[in-house]
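Peer 1: Take a look at this one; I'll ask things after.
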Amino acid sequence: MRIALAHKFIRLTGGADVFFRESERVLRENNHETLMIATGEEADLIGVPNGLLLEAPAYDAPGALAKLRSLPAAIYDREKKKIVKAALQAFQPDVLHVFAMNVHLSPSIVFAAKELGIPVVGTFNDYKHICPNYKLFHHNHICYDCKGKKFYSAVRNRCCKGSFALSVASMVEAYVHASMNVYDHFDHFTFSSDFLASVTTDFWPHRSISWSKLRNPFDSRKYTAADRYDPYGLYFGRLIDEKGVDRLVAAAALVSDFSIKVIGDGPDLAGLKAQAASLGLTNVQFLGPKWGAELDEILQHARFVVVPSIWHENFPYVINQSFAFGRPVIGARRGGITELVDHGTRGLIFDPDNVEELAHAMNSLACDENLARRMGKAAKNWSDDLFRDEIAYSDIIKAYEVAIRAHNSNRR
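The sequence shown begins at 4 in my numbering and counts up by one.
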């Protein structure tokens, strides 16, 4: 097959970018021809055999005037549509596989593919298709206010980075895309979690969608689980409100004789340090951002990993990494987390609104290394069985085959 894959970013900045790049790798290693379409710079194309780089929009530039000027292209970029359409005509793909497209690429690329008679598969890892701010979350609480196309709620709540201008722009974008029936132009969707699929169908009661599960391509067997479960818990990821790290710091005060290491950076770092200081905590260490071997060294010897999210995480990549190293996960009862963390087997589940419950879960593994070891081994075995390249490849190809059949059926 010849497959074009499109995503907002070519650079690896988060889990969705990894999903995009790893999907392409798995396809290429199975002898398919690929074309990657994304925004970025030439330096980001290292290791990419066939890529089309597009210019990122000025939408993120400071100032309301700059955002206003770039809004039409962010909603429907006619120039990118022409460029992508020409590239697709030259490449002649069997399928266009779209990951995140909004703002940086816009849905115009989907219309380009459909005008050329190319089937389209959509892989969504957030809630942008039903929620203007991507998250179903704002100001520290879950939000379904935009259900039923009530996108004006985004402005009322100022839910897009707390900005009135951004919230208005995101509302307009959502209404325009709804009026264009953007998502009716996809032949098939894939979701990493049953939760995301369920919420999507709940928000789209009058839209019959074809979907299948496609978990992040990740070969767990490449990682070795150490038989060391050192006396510290670990959080690694962005330090931002929806990640719930403040709950972890509060719980650490109730497990004061056990070390908690926090790896990552973000807008909440200063506030979290201040919180730890105000509680007089000496057992919480903020280690800053770490990557590669430096992160692996800390991760592979942790007693457990905590995923304390207070928003509906779809499919946290950190759980994949933790399980691959044989680390049990203490995860919040949110989104797709409970589909990965089987309570009592591969880790523990807690209510993220209950700090005492989190502290109890942490204490259970802090005080019982053998329990952590048993859960860690169960997590590793489960991960090795489920997360391997050949399974991801099979699921991707099945999604493409369904999309092609649906596309051909609709053309009759």
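Every residue, glycine too, gets a C-beta built ideally from N, C-alpha and C.
Model, not experiment: these values are computed from the prediction.
Quickly, what does DSSP pair residue 215 with across the bridge? List them, please.
Peer 2: DSSP lists 193 as partners of residue 215.
Peer 1: Helix or strand or just coil, what does DSSP make of residue 271?
Peer 2: In this structure, residue 271 counts as coil in the three-state DSSP scheme.
Peer 1: Does the beta-carbon of residue 151 have 16 or more other beta-carbons within 10 angstroms, so that it is buried, or is it exposed?
Peer 2: When all chains shown are included, residue 151 counts as exposed.
Peer 1: Using the C-alpha atoms, what's the distance from residue 246 back to residue 189?
Peer 2: Using only the alpha carbons, I get a separation of about 31 Å.
Peer 1: Give the secondary structure of residue 234 by DSSP, where H, G and I count as helix, E and B as strand, and everything else as coil.
Peer 2: It is a strand residue.
Peer 1: Between the C-alpha atoms of residue 83 and residue 73, what's the straight-line distance to the nearest angstrom?
Peer 2: So the alpha carbons of these two residues sit roughly 13 Å apart.
Peer 1: Rounded to the nearest angstrom, what separates residue 52 and residue 358 at their Cα positions?
Peer 2: Between residue 52 and residue 358, the C-alpha separation is close to 48 Å.
Peer 1: Within the segment 279-341, note down every full beta strand (DSSP E) run reaching 3 residues or more, in order along the chain.
Peer 2: Counting only runs of 3 or more, we get 287-291, 305-310, 332-335.
Peer 1: Helix, strand or coil for residue 132? Go by DSSP, reduced to three states.
Peer 2: In the structure shown, residue 132 sits in coil (DSSP, three-state: anything other than H, G, I, E or B).
Peer 1: For residue 37, which residues does DSSP report across the bridge?
Peer 2: DSSP lists 6 as partners of residue 37.
Peer 1: For residue 262, report the span of its alpha helix (DSSP H) as first-last.
Peer 2: Here residue 262 belongs to no alpha helix (DSSP H); instead the beta strand (DSSP E) covers 262-266.
Peer 1: Look at the alpha carbon of residue 162 and the alpha carbon of residue 205, and state the distance between them as a whole number of angstroms.
Peer 2: C-alpha separation (whole angstroms): 21 Å.
Peer 1: Let's see if you can read the secondary structure: which residues bound the alpha helix (DSSP H) around residue 18?
Peer 2: Unbroken alpha helix (DSSP H) run through residue 18: 18-32.
Peer 1: Quick one: is residue 120 buried, meaning 16 or more other Cβ sit within 10 Å of its Cβ, or exposed?
Peer 2: Answer is exposed; the Cβ neighbour count stays below 16.
Peer 1: Under the three-state reduction of DSSP, which class applies to residue 11: helix, strand or coil?
Peer 2: Note: residue 11 maps to strand in three-state DSSP.
Peer 1: To which residues of the same chain is residue 160 closer than 6 Å at the C-beta, ignoring the five residues directly before and after it?
Peer 2: Only 141 meet the Cβ criterion.
Peer 1: Which value, in whole angstroms, describes the spacing of the CA atoms of residue 355 and residue 36?
Peer 2: Cα-Cα distance, rounded: 44 Å.
Peer 1: Can we say the segment 170-182 touches the segment 272-289, given the rule of at least three CB pairs closer than 8 Å?
Peer 2: No, the segment 170-182 is not in contact with the segment 272-289.
Peer 1: Identify whether residue 227 lies in helix, strand or coil by the three-state DSSP scheme.
Peer 2: The answer is coil: DSSP assigns residue 227 none of H, G, I, E or B.
Peer 1: Rounded to whole angstroms, how far is the Cβ of residue 372 from the Cβ of residue 232, which I believe are closer than 8 Å?
Peer 2: So it is a contact: roughly 5 Å between Cβ atoms.
Peer 1: In terms of alpha-carbon separation, which member of 345, 390, 321, 311 lies closest to residue 254?
Peer 2: Residue 311 is the option with its Cα nearest to residue 254.
Peer 1: By how many angstroms is the C-alpha of residue 6 removed from the C-alpha of residue 99?
Peer 2: Going from the Cα of residue 99 to the Cα of residue 6 covers about 6 Å.
Peer 1: Measuring only the C-alpha atoms, how far is residue 257 from residue 405?
Peer 2: Rounded to whole angstroms, residue 257 to residue 405 spans 51 Å at the Cα level.
Peer 1: Anyone know if the C-beta pair for residue 87 and residue 40 falls short of 8 Å?
Peer 2: Yes, the pair counts as a contact, with Cβ atoms nearer than the cut-off.
Peer 1: State yes or no: is the C-beta of residue 113 within less than 8 Å of the C-beta of residue 101?
Peer 2: Against a cut-off of 8 Å, the Cβ pair of residue 101 and residue 113 comes out as a contact.
Peer 1: What is the DSSP secondary structure of residue 120, reduced to helix, strand or coil?
Peer 2: Residue 120: coil per DSSP, three-state reduction.
Peer 1: Buried or exposed: where does residue 49 fall if 16 or more other Cβ atoms within 10 Å of its Cβ makes it buried?
Peer 2: It counts as exposed.
Peer 1: Are the Cβ atoms of residue 122 and residue 185 separated by less than 8 Å?
Peer 2: No.
Peer 1: So which of 24, 146, 76 has the shortest CA-CA distance to residue 313?
Peer 2: The shortest Cα separation from residue 313 among 24, 146, 76 belongs to 146.
Peer 1: Check whether the Cβ of residue 402 sits closer than 7 Å to any heavy atom of the ligand SAM, and report yes or no.
Peer 2: Ligands in the displayed structure: none, and consequently the ligand SAM is not present.
Peer 1: Quick one: what's got a C-beta closer than 8 Å to residue 229's C-beta in the same chain, skipping five residues either side?
Peer 2: The residues are 303, 304, 328, 329.
Peer 1: Taking the DSSP output, what are the residues bridged to residue 125?
Peer 2: According to DSSP, residue 125 bridges with 101, 192.
Peer 1: Are there 16 or more other CB atoms within 10 angstroms of the CB of residue 315, so buried, or fewer, so exposed?
Peer 2: When all chains shown are included, residue 315 counts as buried.
Peer 1: Identify the continuous alpha helix (DSSP H) that holds residue 94 and give its terminal residues.
Peer 2: Segment 81-94, the alpha helix (DSSP H) holding residue 94.
Peer 1: Using a Cβ-Cβ cut-off of 6 Å (strictly less than) and excluding sequence neighbours within five positions of residue 212, which residues of its own chain qualify?
Peer 2: 192, listed in sequence order.
Peer 1: When burial is assigned at 16 or more other CB atoms within 10 Å of the CB, is residue 81 buried or exposed?
Peer 2: Exposed is the call here.
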